[in-house]
Structures are given as structure tokens and as C-alpha cells.
Amino acid sequence: MTQSIPDEELMGQVRNGVGEMLGQLFERYQSPLFNFYLKLTGDRSVSEDLVQEVFLRILKYRHSYHPETPFRAWMYQIARNARVDHFRKKRPETALEPEMAPAVVPNDLTQEQQEADLLHRALLELTEDKREVLVLSRFQGLKYEQIAEVMECEVNTVKVRVHRALHDLREIYQAMERGQLLRNPRTKVKGQRPSSGSLQ
Amino acid sequence: MKCEDVSHLMPDYLQGELPSQQAAVVEQHIAECSECAADAAMWKQLAALPEEQPGPSLKPRFEAMLASYQEGRWEKENLHKERNKFLGLGAIVQWVRTPSLSIAWAAVLLIAGFFAGHYFDRGKTNDPQIAGLHQELQSMRQLVVLSMLQQQSASERLQAVSYSLRQPGADPKVLDALLHTLRYDNSVDVRLAALDALSRYGGRSDIRKGLVDALEQQQSPLVQVALIDVLVELHDSNAIEPLKRFQQDPKLDPSVRKRADWGIQQLS
């Protein structure tokens, strides 16, 4: 494995026209990006499309990468934009989907699976900006400084958002556990689909 | 200590990045405050969300994208070099394109046009002559597009496709050639460009039929998906039957099958 070559160096080569190096970056980030999108959208096929889109954009906009600046922050910026663009295009049809998703957790799951499923549903009930900042900080291994770079805001703003997002998530989760949200799902988060099959 | 006093420490505490002295402050607060304790517990509980693996089709799709991209780019660079070598016009073209000069050129052309119009008007040149010139120009363009579509190099064929878009109205021969390109061109990029060009004429039923027919012959999942998307955008319900047949193909890429599913749903 060539894990030792830093991302920035690989991307520098891609920038200079050595497209093959993108393959190594793909190996490193296809899974993190896929999980990033899956947590945000709850939809496997959309997530795969978006991962593909990110790498296409990396090639297309490779000249906008400044060598020696952190690659991951740049990549997640692209990833965010790709998602925003995707749902801007698809909004009319996906906005209907939350209602079609089953409102109860299937019974044949193990307890851990049920817990994960409930968590993911709670996550999908968060507003988009809160969900995003929480996923970036909790799952993508980005430090608050890096998230601030990705979101182009102050580090303190990121910290405040993370804390609020966590607080909201906890309230939603607890309400779901009590069964309140299952009877009356909040479907205001457009363009997202609560996962029905992705976590099994 | 109140929750507000701890809240600005909490995010760093959760990431384990607080110096031990401050961490102790947070922990002491958590021991007393059930709200904050529950928030911190939620953070830990998120670990229950499993790491998922993307499907097996993702990597081949990426590799196909990379390959077609490199093919296209490589040829474009070569073409650029050759053009400069043979014509030596690159620098002049650049010079002419600079903004200040563009304005000057525009002014010169405007004045020249004015005088030319004046002159022609006096010479009683009538409409049929101009119409004749127009027609000649059209057929020249058509000829250029048709011959360029036959070129060896994929990037020249790409240029031909984009050149075809400059024609006002739809020339049946050019549309035929584009449909042929969409079906048989061996570069994915050129096929995608042809599809893009053709989608502008989606109002015509013969073009829509051509697109549906092309779908059944495509091998590349990228083009298949793009075709499905275009057909859905055109809201052509005639595409449902062919899509259903197409979907029956056992060799079909799973992500394409999904897209076809989606397409049928959208159209019906």
C-alpha cells in the first residue's frame, strides 16, 4: 500500500495531469465519502452517485486546488456543493418521499440494529446544516478548524453549531424513543429520505 | 457552574481535546447536570451508527469515468499543440480575444456593418440574394459538421457536436448524424455530448424515438443513465415500454437497472 504518500502530494500530481493518482485518492475516500452522504441522505444509490460526482468534480476543478493546502477540507467543500446541487435539481420528486417511508422500525432487527436505525432516523430529522456539522465532526474525523475551513466560517461558530445539533438530536431521539415522533413524523426536512434499508 | 459556562468547552471536551484541568470542570458539571450529561451521552451513542460499504459498482464506474476523462483530455492537449504548430495562430487569437481589443473590434465591425448595409441598400441588393447567402452558409456548416463527425480523433468529433449546436433550427442530416454518433461512436464522451446536443430537440417525436432506440444498443452504463435521465426530463411516456424491456436485460448494470426503475416510476 502507498498510504505513506500524503493526500496533498497525490492531489498535486492529479493537478499536474497525472490522472492515475486520483485512483489512490478514490481508494482512500470512497468509503468515508459514501458514509458521509449516507448519513446525510439515508439513500445508498444517491450516496454512490454523489461519491462519483465528487471525483468527477475533483478532476474538473483540479486547477482550483492550491498545492499544500489541506486536501480533505477542499474535498469536503466539493462534497457539500455536490450534494446541494444534487438536491436543488431533484427536490420536487424527493420531497414527497419521507411520507412513503415506513413509520415503524421493522421488528426483525437485533437490538443494536434497532438502536442504529432509530439514531439514523433521528439524525435525518435534524435540520440540514445541523446534521451536516454533526456528521463532519463526529464521523468524518475532521477537527473543528477544518470544518470551519470547509464551511467557510469561524471555528467558534462551528463549535456552537455542533453543540446545538447534538442537543437537538438528543431531544428528537428521546422523543422517538417515547414513540412520539413515530406517530407524527416531522417531514419538514426536504430532499432527504429516512433510511428504510440502508442500515440493515 | 451553569450550563452556559460549560457549553463553550463542551465541543472540545467531546472530541477529547480539552486540557485535563478544563476537562475536569466539564466532568464535574456533567455529574451534577442531567441535561448536559445526556448531551454528552448522545455523542458517545452515535458510535452505534455502523460504517457502511459502498456497492461493488462504484469502483468500475469511477474507473470508467477516469479512463474516458483521460482519453478526452489527452487528445484535446494534442490537438491544441498541433493546431498551434500548423497555424501559428494561437498567439494572434489570444491577442484578438483580449477584452479591450474585443470592444474595439466590436466597434469596428459595427461601423463596417453600417456602411456595408448602406452600400448594399444603394446597390438595391434584394432579399433573395441574402437568403441565398444564408442558405449557402447553412449548407457549409452542415458539411463541416458531417465531415468532422467522421474524424479519427475523439476531440475533433466532440468539436463537431458542439459546432452543430450553433446551427439555428434543426438540420435533418445533422440530427441523423448525431443520432448515429450517439449509437455507434466509440468514445463515451462523444456519445454523451451528442446526447446533450440531441436533447435540445426533444420536442420532436422522431428524435425521442431515436433516443429510445439508442438506449437499447448502449453498452456504457454512463450513457445509459444519461439517456434515461434525458427521457425522463422529456416526459415521454412512450419510453416506458422500451424501458421495461431494456430493464429485463440480465446483463444490465445494477445501478442502471435502478435508474431505469426510477425512470419508469417518473414517467408512469
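Residue numbers (numbering that gives the first Met the number 0), protein chains in the order written: chain A, 0 to 199; chain B, 0 to 267. Virtual Cβ for every residue (Gly too), placed ideally from N, Cα, C.
Original post:
Can a CB atom of chain B be found closer than 8 angstroms to the CB of residue 41(A)?
Top reply: no
Subject >> Residue from 255(B), 210(B), 30(B), 153(B) whose Cα sits closest to the Cα of residue 186(B) >> reply: 153(B)
Subject >> chain A contact residues for residue 47(B), given Cβ-Cβ distances below 8 angstroms >> reply: 111, 114, 115, 118
**OP:** Identify the continuous alpha helix (DSSP H) that holds residue 34(A) and give its terminal residues.
**Re:** 20-40
Original post:
By a C-beta neighbour count over all protein chains shown, 10 Å radius and 16 as the cutoff for buried, is residue 132(B) buried or exposed?
Top reply: exposed
Original post:
With contact counted as at least three CB pairs below 8 angstroms, one residue from each stretch, are the segment 65-76 of chain A and the segment 6-24 of chain A in contact?
Top reply: yes
Original post:
Are the beta-carbon atoms belonging to residue 18(A) and residue 69(B) less than 8 angstroms from one another?
Top reply: yes
Subject >> Whether residue 322(B) touches residue 224(B) by CB criterion (8 angstroms) >> reply: With chain B running from 0 to 267 in the structure shown, residue 322(B) is simply not present.
**OP:** Find out if the Cβ-Cβ distance for the pair residue 177(B), residue 157(B) is shorter than 8 angstroms.
**Re:** no
Original post:
Using CA coordinates, which residue listed in 42(B), 175(B), 262(B), 146(B) is at the minimum distance from residue 161(A)?
Top reply: 42(B)
**OP:** Determine the direct distance from the alpha carbon of residue 35(B) to that of residue 100(A), and round the result to whole angstroms.
**Re:** Confidence at residue 100(A) is low in this model, with a pLDDT of 46, below 50, so the placement of that residue should be treated as unreliable; the coordinate-derived value is given next. For residue 100(A) and residue 35(B), the distance between alpha carbons rounds to 32 angstroms.
Original post:
In chain order, what residues of the same chain have a beta carbon less than 8 angstroms from the beta carbon of residue 60(B), not counting five sequence neighbours either side?
Top reply: 220, 221, 254
**OP:** Quick one: give me the first and last residue of the alpha helix (DSSP H) that residue 171(B) is part of.
**Re:** 171-183
**OP:** Determine the chain B residues that contact residue 85(A) at a beta-carbon separation under 7 angstroms, and present them in chain order.
**Re:** Neighbours of residue 85(A) on chain B: none; closest Cβ ~13 angstroms, over 7 angstroms.
Subject >> CB contact below 8 angstroms: residue 55(A) versus chain B >> reply: yes
Original post:
DSSP on residue 250(B), reduced to helix/strand/coil?
Top reply: coil
Original post:
Ordered along the chain, which non-local residues of its own chain (more than five positions away) have a Cβ less than 8 angstroms from that of residue 7(B)?
Top reply: none
**OP:** Would you tell me roughly how many angstroms separate the C-alpha atoms of residue 84(A) and residue 192(B), rounded to the nearest one?
**Re:** 21 angstroms
**OP:** Flag residue 158(A) as yes if its beta-carbon sits less than 8 angstroms from any beta-carbon of chain B, otherwise no.
**Re:** yes
Original post:
Taking all protein chains shown into account, do 16 or more other C-beta atoms lie within 10 angstroms of the C-beta of residue 107(A), making it buried, or fewer, making it exposed?
Top reply: exposed
Original post:
DSSP on residue 17(A), reduced to helix/strand/coil?
Top reply: coil
Subject >> Other residues of its chain near residue 158(A): CB distance less than 6 angstroms, five sequence neighbours each side excluded >> reply: 143
**OP:** Determine the contact status of residue 207(B) and residue 235(B), defining contact as a CB-CB distance below 8 angstroms.
**Re:** yes
Original post:
What does residue 7(B) reach in chain A if we use C-beta pairs closer than 9 angstroms?
Top reply: 155, 158, 159, 162
Subject >> Nearest residue (CA-CA) to residue 261(B), options 45(A), 29(A), 36(A), 168(A) >> reply: 45(A)
Subject >> Neighbour list for residue 116(B) in chain A, Cβ cutoff strictly below 9 angstroms >> reply: The premise fails here: residue 116(B) is roughly 44 angstroms from chain A at the closest Cβ pair, so nothing lies under 9 angstroms.
Original post:
On the three-state DSSP scale, how would you describe residue 66(A)?
Top reply: coil
Original post:
Beta carbon of residue 47(B), beta carbon of residue 124(A): below 8 angstroms?
Top reply: no
Original post:
With a cut-off of 8 angstroms, do at least 3 Cβ pairs link the segment 45-55 of chain A to the segment 129-143 of chain A?
Top reply: no
Subject >> Cβ-based burial, residue 164(A) [other Cβ within 10 Å; buried from 16] >> reply: buried
**OP:** Compute the distance between the beta-carbons of residue 15(B) and residue 43(A), then report whether it is under 8 angstroms.
**Re:** no
Subject >> Buried or exposed (CB count within 10 angstroms, at least 16 for buried), residue 104(B) >> reply: exposed
Subject >> 4-residue-minimum alpha helix (DSSP H) runs that sit fully inside the segment 102-178 of chain A, ordered along the chain >> reply: 110-124, 127-137, 143-150, 154-176
**OP:** Alpha carbon to alpha carbon, how far is residue 175(B) from residue 203(B)? Give it in angstroms, no decimals.
**Re:** 13 angstroms
Original post:
What's the gap between the Cα of residue 146(B) and the Cα of residue 21(A)?
Top reply: 36 angstroms
Original post:
Taking buried to mean at least 16 other C-beta atoms within 10 Å of its own C-beta, is residue 67(B) buried or exposed?
Top reply: buried
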